[in-house]
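J.:
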Amino acid sequence: MNTEFNFWQQWYPLSPVEDLDPQVPTTVTVLGIQLVIWKPQNADSYQIFLDRCPHRLAPLSEGKIDEATGNIMCSYHGWQFDSQGNCTRIPQADNQLVGSQQLCATVFPARQANDLLWVWMDAESPDIAAKTPLPLSPQIDAEKGFVWSSFVRDLAYDWQTLVENVADPSHVPFAHHGVQGKRENAKPLSLTITQSTSDLIEATTGTPFKTTITFQPPCRLEYAISFGQEKQIGLITYSIPVAPGKSRIVAQFSRNFAQNLQRLTPRWWEHIKVRNPVLDGDMILLSLQEHLLQQRGSWQEAYKLPTSADRLVIEFRRWLDLYCQGNLPWHQVGLKTTFAPINIDIDRHKLLDRYSQHTQNCSSCRQALKNIQRLQVILIINFILTISFVAIMNDDLRNSFGLPLTIIALSGLGIWSWLRYWLQPKFYFVDYVHAER
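-3 is the number of the first residue of the sequence shown in our numbering; add one for each residue after it.
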């Protein structure tokens, strides 16, 4: 008899730690459950609670960290909770109610490792969580010479669509033409499944480089790509089920060579030039694909998978059918899995909304955007003041300094235009039209 896969008693990474603000509670959803991430003052690690005050169910993510106690405070009635979930203050009552077990916040086991914050989605089994290892990648290891960067984005398609897509290397030259590959370089791809169990699926390929692809359910799917004897590149992805038709990808990109280049390239620049365009290239394709697949009902009937390049997709789909009955446990949290009817006239701005899907959650991109906006203000003020100053100069000064100052002001205006009309939009929305690439 097949054992049903337990999605709840698993570790999921929520975010790179560097993207979390220790001063402000942050909300995130996993498996339809809304959580709040917060950090007690002077603590080394973050805590993860159910995003719900036990008093009147107000979201704790709309609360604040109390400066006096360091605890999280609900903004509705001021109830406070410590790092263990204990209610430490009820302004409307005397101290007899404080500490009651019935008034505790729901606490989820949390850990920090490999620069990520992890949550165990079964709040009732912290003992099992403590004994269960995190699904860490061996390629995130500084002692072995690896350096890495991180990226997170919310996606407008389902968890199973995300896993299936990452498990399919043959789409890269086409969906990501000009970003991570070229159509003209596409070749037959021979994939071999070397292991397939309820806990691990592994595939290998030698084209164009020796590559091992590992899927450790429910979320870790990584590529280990070898160049020669020692050089190695890693793509480590964690596919997080958010809700039916919604997912989140937490990715880390590692290598054990050219370490200095990692330090010289701003993280936000890598995000707007490579990471976001890659996901933009998939977004509309996959959003429409999963609606069509749901209407057909069965992937075996809907898909035509004749090549070796499809082997890992087939193996993942078989795993999902065998151990998960083809779906996630959405019914356990009262969520329906029926998507809205497909609409060909899709809202591209909504599907490719980089700001809400990534920028607002990424500390590097948020700060870069603020700096770009501030610099634009400085450049405009400099232009106005410089031109005004040149205008009121006497003739002798204007003849000597007017032209150089005007050129400087116009150069600043050119930089402002580049920031305003080329760079800044890349944090919000960039349409991805495959036919134009």
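Every residue, glycine too, gets a C-beta built ideally from N, C-alpha and C.
1. Buried or exposed for Asn161, please, with buried defined as at least 16 other CB atoms from any protein chain shown within 10 angstroms of its CB.
2. Judging by CA-CA distance, which residue of Ala254, Pro165 and Val274 is the nearest neighbour of Ser304?
3. Would you tell me roughly how many angstroms separate the C-alpha atoms of Arg295 and Pro169, rounded to the nearest one?
4. Considering only C-alpha positions, which residue in the set Leu132, Asp349, Trp75 and Pro204 is nearest to Gln248?
5. Distance check for Gln88 and Met(-3), CA to CA, integer angstroms please.
6. Just to confirm, is the Cβ distance from Ala457 to Ser283 under 7 angstroms?
7. Among Pro421, Ser359, Leu348 and Asp391, which has the Cα closest to the Cα of Val429?
8. Nearest by alpha-carbon distance to Thr188: which of Ser407, Arg307, Ser384 and Phe423 is it?
9. Could you tell me the alpha carbon to alpha carbon distance between Leu365 and Ala106, rounded to whole angstroms?
10. Between which two residues does the alpha helix (DSSP H) carrying Cys361 extend?
11. Answer yes or no: do Ile309 and Ala182 have a C-beta to C-beta separation smaller than 7 angstroms?
12. Could you tell me which whole alpha helix (DSSP H) segments of length 4 or greater appear in the region 251 to 319?
13. Helix, strand or coil for Met(-3), going by three-state DSSP, please let me know.
14. Using 7 angstroms as the threshold, is the C-beta distance between Ile411 and Leu375 below it?
15. If you drop the 5 nearest sequence neighbours on each side, which residues of the same chain put their C-beta closer than 7 angstroms to that of Arg416?
16. Here's the rule I'm using: 16 or more other beta-carbon atoms within 10 Å means buried, otherwise exposed. How should Gly277 be labelled?
17. Under three-state DSSP, which class holds Gln135?
18. How would you label Ser243, buried or exposed, when you count the other beta carbons within 10 angstroms and need 16 or more for buried?
19. Look at the Cβ atom of Phe425, then the Cβ atom of Arg350, and state whether they are nearer than 7 angstroms.
20. Tell me whether Thr102 sits in a helix, a strand or coil according to DSSP, three-state version.
T.: Reading off the structure:
1. As a position in the sequence shown, residue 161 is number 165, starting the count at 1. Asn161 should be labelled buried.
2. Within the sequence shown, the letter at position 308 stands for residue 304. When each option's Cα is compared against that of Ser304, the closest is Pro165.
3. For the purposes of this step, residue 295 is taken as residue 299 along the sequence shown, with counting starting at 1. For the purposes of this step, residue 169 is taken as residue 173 along the sequence shown, with counting starting at 1. Reading the sequence as shown, one finds Trp at residue 295 and not Arg. Going by the C-alpha atoms only, they are around 24 angstroms apart.
4. Here residue 248 corresponds to residue number 252 of the sequence shown, with the count starting at 1. The residue with the shortest Cα to Cα distance from Gln248 is Leu132.
5. Counting from one through the sequence shown, the residue named residue -3 turns up at place 1. Counting from one through the sequence shown, the residue named residue 88 turns up at place 92. In this predicted model, Met(-3) has a pLDDT of only 41, less than 50, meaning its place in the structure is not dependable; the value taken from the coordinates is given anyway. So the two alpha carbons sit approximately 55 angstroms from each other.
6. There is simply no residue 457 to check, as the chain begins at -3 and stops at 433 in what is shown.
7. Here residue 429 corresponds to residue number 433 of the sequence shown, with the count starting at 1. Per the Cα distances, Leu348.
8. Residue numbering aside, residue 188 sits at position 192 when the sequence shown is read from its first letter. Taking only the C-alpha atoms, the option nearest Thr188 is Arg307.
9. Numbered from 1 along the sequence shown, position 369 holds the residue referred to as residue 365. Numbered from 1 along the sequence shown, position 110 holds the residue referred to as residue 106. If I take the Cα positions, the gap works out to 31 angstroms.
10. Here residue 361 refers to the residue found at position 365 of the sequence shown. Counting along the chain, the alpha helix (DSSP H) containing Cys361 begins and ends at Ser359 to Ile388.
11. One-based indexing of the sequence shown puts residue 309 at position 313. One-based indexing of the sequence shown puts residue 182 at position 186. The question names Ile, but residue 309 is Val in the sequence shown. Contact: no.
12. 255 to 260, 263 to 266, 272 to 292 and 295 to 298
13. Taking the sequence shown and counting its residues from 1, one reaches residue -3 at position 1. Since pLDDT at Met(-3) reaches only 41, below the 50 mark, its modelled position is unreliable, and the value read off the structure follows with that caveat. Coil.
14. Here the question's residue 411 lines up with position 415 in the sequence shown. Here the question's residue 375 lines up with position 379 in the sequence shown. Cβ distance < 7 angstroms, so Ile411 and Leu375 count as in contact.
15. What you label residue 416 is simply residue 420 of the sequence shown in a count that begins at 1. So the list reads Gln372, once near-sequence residues are dropped.
16. Within the sequence shown, the letter at position 281 stands for residue 277. Label assigned to Gly277: buried.
17. Mapped onto the sequence shown, residue 135 falls at position 139. If DSSP states are grouped into helix, strand and coil, Gln135 belongs with coil.
18. Start at 1 with the first residue of the sequence shown, and residue 243 comes out as number 247. Buried: at least 16 other Cβ atoms inside 10 Å.
19. Along the sequence shown, read from residue 1 onward, the residue named residue 425 stands at position 429. Along the sequence shown, read from residue 1 onward, the residue named residue 350 stands at position 354. Result yes, Cβ atoms of Phe425 and Arg350 sit closer than 7 angstroms.
20. Numbered from its first residue, the sequence shown carries residue 102 at position 106. Thr102 falls in the coil class under three-state DSSP.
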